[in-house]
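Numbering (the UniProt record's numbering), first residue to last: 1 to 361.
Idealized CB from N, CA, C, for every residue including glycine.
A quick note: this is a predicted structure, and the numbers were derived from the prediction, not measured.
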Amino acid sequence: MAHLNNPTEIIRPELLALHAYHVPAATGMIKLDAMENPYALPQSLQNEIAQLAATAPINRYPDPNAADLKASLREALDIPDSMAVLLGNGSDEIIQLIAMAAAKPDAVLLSVEPAFVMFRMIATFADMKYVGVPLKTNLSLDIDAMLKAIEQHRPAVIFLAYPNNPTGNLFEEDALLQIIEATPGIVVIDEAYQAFAGVSMMNRLEQYPNLLLMRTLSKSGLAGLRLGLLIGRSMWLDEFEKLRLPYNVGVMTQLIAQAVLRHTDVLTAQAERIKIERTNMLAQLAAMDKLAVYPSDANFILFRVNNATEIFQTLKQKGILIKNLDGAHTLLDNCLRVTVGTPEENAQFLATLHTILREKV
Ligand code: PMP
Numbered sequence: 001m002a003h004l005n006n007p008t009e010i011i012r013p014e015l016l017a018l019h020a021y022h023v024p025a026a027t028g029m030i031k032l033d034a035m036e037n038p039y040a041l042p043q044s045l046q047n048e049i050a051q052l053a054a055t056a057p058i059n060r061y062p063d064p065n066a067a068d069l070k071a072s073l074r075e076a077l078d079i080p081d082s083m084a085v086l087l088g089n090g091s092d093e094i095i096q097l098i099a100m101a102a103a104k105p106d107a108v109l110l111s112v113e114p115a116f117v118m119f120r121m122i123a124t125f126a127d128m129k130y131v132g133v134p135l136k137t138n139l140s141l142d143i144d145a146m147l148k149a150i151e152q153h154r155p156a157v158i159f160l161a162y163p164n165n166p167t168g169n170l171f172e173e174d175a176l177l178q179i180i181e182a183t184p185g186i187v188v189i190d191e192a193y194q195a196f197a198g199v200s201m202m203n204r205l206e207q208y209p210n211l212l213l214m215r216t217l218s219k220s221g222l223a224g225l226r227l228g229l230l231i232g233r234s235m236w237l238d239e240f241e242k243l244r245l246p247y248n249v250g251v252m253t254q255l256i257a258q259a260v261l262r263h264t265d266v267l268t269a270q271a272e273r274i275k276i277e278r279t280n281m282l283a284q285l286a287a288m289d290k291l292a293v294y295p296s297d298a299n300f301i302l303f304r305v306n307n308a309t310e311i312f313q314t315l316k317q318k319g320i321l322i323k324n325l326d327g328a329h330t331l332l333d334n335c336l337r338v339t340v341g342t343p344e345e346n347a348q349f350l351a352t353l354h355t356i357l358r359e360k361v
């Protein structure tokens, strides 16, 4: 039997054309590239977690339904009793489940551009068609273009992040409602940054049968645990559950998330500190010459500056890692994105950026 030894004969061409998601090395750097919460948990909570970890039944598979964790999440996030909850290994995995479930031949996944890159990437993974509707030049939602695209492409699924990544802004709620009403398919509102925005579409779930809400614990302080959730009617979630691998949320994640959710005041206080720092950074960036900053309702800030790639590289050489978005989309030419860190990290970032800008007259 002659065996094939060339991946191109086996692997799907759209996969061969992709690059793996790149995560830059950050050891020893001031890490402001990935929207993480910069604060550790308080010592008392760390001790509680250490005790839980010591006796965790890791010789056994986790509860496949994570019933206790779901109950904690329902209470902490004020999830309506009428809605079902599905858990993922991060919300990334939930995007993938939804796409897999909807991936009929020619089915369309629609979002805006620029948006969270995983919407587009996962559409490709699942063999769905991706349609990205450009935002307006001020990075607000182009509702006319969206409604036109919905009519033309009849998307099975629309993903919209609220606030949006990488732009940081909240789209108009009224425009989102128009989209939900106009679409024949599901609309997933991705509220990854809800902790920093203070608004939510949770109270709209009852009203719209095609609306689903996605959350994650990553941005508010538990990125390393990998826990995302989808909230919506069981008529949808029961179908996605069929695709969910039985033990996708591990024993440690279940235990630690529950422990932290017993102290939501800790995460809320950290989010408040991040919001105060955001205001501070926005003001300081706005005061810099040769730089334009966009408003933010998230824990990161988008700004535009001449020679963005060079500035990104110089910051990196000086030990500060942010995100370079130059070249990612025409609306993001010369754009950089910085996550709000601790006051010390932010001060160092701002001072270094200021020096670089002054030297590059
Ligand atoms: N949605 C949005 C809008 C994001 O920006 C991110 C992370 N960058 C995610 C989802 C994924 O988060 P996680 O998989 O950590 O839950």
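Item checked: Glu172 burial status per 10 Å Cβ neighbour count (16 or more: buried) -> Position 172 of the sequence shown holds residue 172. With fewer than 16 other Cβ atoms from the protein chains shown falling within 10 Å of its own Cβ, Glu172 counts as exposed.
Next item on the list: List in chain order: all unbroken beta strand (DSSP E) runs of 3+ residues lying wholly within the stretch 184 to 245.
Entry: For the stretch 184 to 245, whole beta strand (DSSP E) runs of length 3 or above, ordered along the chain, are 186 to 190, 211 to 216, 228 to 232.
Notebook entry, point to check: For Ala145, which of helix, strand or coil comes out of DSSP?
Noted result: As a position in the sequence shown, residue 145 is number 145, starting the count at 1. Helix.
Checklist line | Meets three-Cβ-pair contact criterion under 8 angstroms: the stretch 205 to 217 and the stretch 120 to 133 | finding: No: the two stretches stay apart, fewer than three of their Cβ pairs being nearer than 8 angstroms.
Notebook entry, point to check: Just checking my contact of Glu181 with Tyr162 at CB under 8 angstroms: how many whole Å lie between their CB atoms?
Noted result: Along the sequence shown, read from residue 1 onward, the residue named residue 181 stands at position 181. Along the sequence shown, read from residue 1 onward, the residue named residue 162 stands at position 162. Contact between Glu181 and Tyr162 is ruled out by a C-beta separation of about 16 angstroms, above the 8 angstroms threshold.
Note to self: I need the straight-line Cα distance from Leu291 to Ile356, nearest angstrom please.
What the structure shows: For the purposes of this step, residue 291 is taken as residue 291 along the sequence shown, with counting starting at 1. For the purposes of this step, residue 356 is taken as residue 356 along the sequence shown, with counting starting at 1. Going by the C-alpha atoms only, they are around 12 angstroms apart.
Margin query: If the criterion is Cβ atoms closer than 8 angstroms, does the pair Asn37 and Gly168 meet it?
Written below: Within the sequence shown, residue 37 is the residue found at index 37, counting from 1. Within the sequence shown, residue 168 is the residue found at index 168, counting from 1. At least 8 angstroms separates the beta-carbon of Asn37 from that of Gly168.
Next item on the list: Give a yes or no on whether the C-beta atoms belonging to Leu77 and Ala259 are separated by under 8 angstroms.
Entry: What you label residue 77 is simply residue 77 of the sequence shown in a count that begins at 1. What you label residue 259 is simply residue 259 of the sequence shown in a count that begins at 1. No, the pair does not count as a contact, with Cβ atoms beyond the cut-off.
Notebook entry, point to check: Roughly how many whole angstroms lie between the Cα atoms of Ala26 and Ala347?
Noted result: Your numbering for residue 26 matches position 26 in the sequence shown. Your numbering for residue 347 matches position 347 in the sequence shown. Their Cα atoms are separated by approximately 19 angstroms.
Check: Using the beta carbon as the reference atom, which residues fall closer than 5 angstroms to any heavy atom of the ligand PMP, ordered along the chain?
Finding: Taken from the N-terminal end onward, the list reads Gly90, Ser91, Asp92, Phe116, Ala161, Asn165, Asp190, Ala192, Thr216, Ser218, Gly228.
Next item on the list: Any chance you could list the alpha helix (DSSP H) runs of at least 4 consecutive residues sitting entirely within the stretch 289 to 341, in chain order?
Entry: Whole alpha helix (DSSP H) segments, 4+ residues: 308 to 317.
Checklist line | Lys70 - DSSP class collapsed to helix/strand/coil | finding: On the sequence shown, residue 70 is found 70 positions in, with the first residue counted as 1. Of the three classes helix, strand and coil, the one that applies to Lys70 here is helix, per DSSP.
Next item on the list: Please report how far the alpha carbon of Lys242 lies from the alpha carbon of Ala283, in whole angstroms.
Entry: Residue mapping note: residue 242 aligns to position 242 of the sequence shown, counting from 1. Residue mapping note: residue 283 aligns to position 283 of the sequence shown, counting from 1. Their backbone Cα atoms lie some 48 angstroms apart in a straight line.
Next item on the list: State the start and end residues of the unbroken alpha helix (DSSP H) segment that holds Lys275.
Entry: Within the sequence shown, residue 275 is the residue found at index 275, counting from 1. 264 to 286 is the extent of the alpha helix (DSSP H) around Lys275.
Next item on the list: Could you tell me the boundaries of the beta strand (DSSP E) in which Glu113 lies?
Entry: On the sequence shown, residue 113 is found 113 positions in, with the first residue counted as 1. First-last of the beta strand (DSSP E) with Glu113: 108 to 113.
Margin query: Report the CB separation of Ala257 from Leu227 in whole angstroms; it is logged as a contact under 8 angstroms.
Written below: Along the sequence shown, read from residue 1 onward, the residue named residue 257 stands at position 257. Along the sequence shown, read from residue 1 onward, the residue named residue 227 stands at position 227. 5 angstroms between Cβ atoms; contact.
Next item on the list: Mind checking which residues open and close the beta strand (DSSP E) that includes Ala20?
Entry: Translated into positions along the sequence shown, residue 20 becomes position 20. Per DSSP, Ala20 is not a residue of any beta strand (DSSP E), being assigned neither H nor E.
Margin query: Let's see if you can read the secondary structure: which residues bound the alpha helix (DSSP H) around Pro155?
Written below: Within the sequence shown, residue 155 is the residue found at index 155, counting from 1. Here Pro155 belongs to no alpha helix (DSSP H), and DSSP marks it neither H nor E.
Item checked: Reduced DSSP secondary structure (H/G/I, E/B, other) of Ala76 -> Stepping through the sequence shown from its first residue, residue 76 is reached at position 76. DSSP places Ala76 within a helical segment (H, G or I) once states are collapsed to three.
Check: What residue range is occupied by the uninterrupted beta strand (DSSP E) comprising Pro134?
Finding: Counting from one through the sequence shown, the residue named residue 134 turns up at place 134. 129 to 134 is the extent of the beta strand (DSSP E) around Pro134.
Item checked: Pairwise C-alpha distance: Ile79 and Leu73 -> On the sequence shown, position 73 is the one that residue 73 refers to. On the sequence shown, position 79 is the one that residue 79 refers to. Cα to Cα, Leu73 sits roughly 8 angstroms from Ile79.
Check: Are Val188 and Ile58 closer than 8 angstroms when you measure CB to CB?
Finding: Counted from its first residue, the sequence shown places residue 188 at position 188. Counted from its first residue, the sequence shown places residue 58 at position 58. Taking a C-beta distance under 8 angstroms as the contact criterion, Val188 and Ile58 do not qualify as a contact pair.
Notebook entry, point to check: Going by C-alpha distance, which of Ala286, Ala34, Met202 is nearest His22?
Noted result: On the sequence shown, residue 22 is found 22 positions in, with the first residue counted as 1. For His22, the closest alpha carbon among the candidates Ala286, Ala34, Met202 is that of Ala34.
Notebook entry, point to check: Which ranges would you report for the alpha helix (DSSP H) in the stretch 34 to 65 if only whole runs of at least 4 residues count?
Noted result: As far as the stretch 34 to 65 is concerned, its whole alpha helix (DSSP H) runs of at least 4 residues are 43 to 55.
Next item on the list: Assign Leu139 to one of three DSSP states: helix, strand, or coil.
Entry: Mapped onto the sequence shown, residue 139 falls at position 139. It is coil, neither helix nor strand.
Next item on the list: Please name the residue, chosen from Asp297, Val305, Ala271, Thr268, that lies closest to Ala286 on a Cα-to-Cα basis.
Entry: Numbered from its first residue, the sequence shown carries residue 286 at position 286. For the options Asp297, Val305, Ala271, Thr268, the alpha carbon positioned closest to that of Ala286 is the one of Val305.
Next item on the list: State the CB to CB distance for the pair Pro64 and Tyr247, rounded to an integer number of angstroms; the pair is presumed to be in contact (CB under 8 angstroms).
Entry: Indexing the sequence shown from 1 puts residue 64 at position 64. Indexing the sequence shown from 1 puts residue 247 at position 247. Taking C-beta atoms under 8 angstroms as the contact rule, Pro64 and Tyr247 qualify, at a distance of about 6 angstroms.
Item checked: Terminal residues of the beta strand (DSSP E) in which Ala84 lies -> If you number the sequence shown from 1, residue 84 lands on position 84. In the DSSP assignment, Ala84 falls within the unbroken beta strand (DSSP E) covering 84 to 88.
Next item on the list: Would you please state the rounded distance, in angstroms, between the beta carbons of Ala156 and Val108? I believe it to be under 8 angstroms.
Entry: Working through the sequence shown from its first residue, we reach residue 156 at position 156. Working through the sequence shown from its first residue, we reach residue 108 at position 108. About 6 angstroms separates the beta carbon of Ala156 from that of Val108, a gap short enough to meet the 8 angstroms contact definition.
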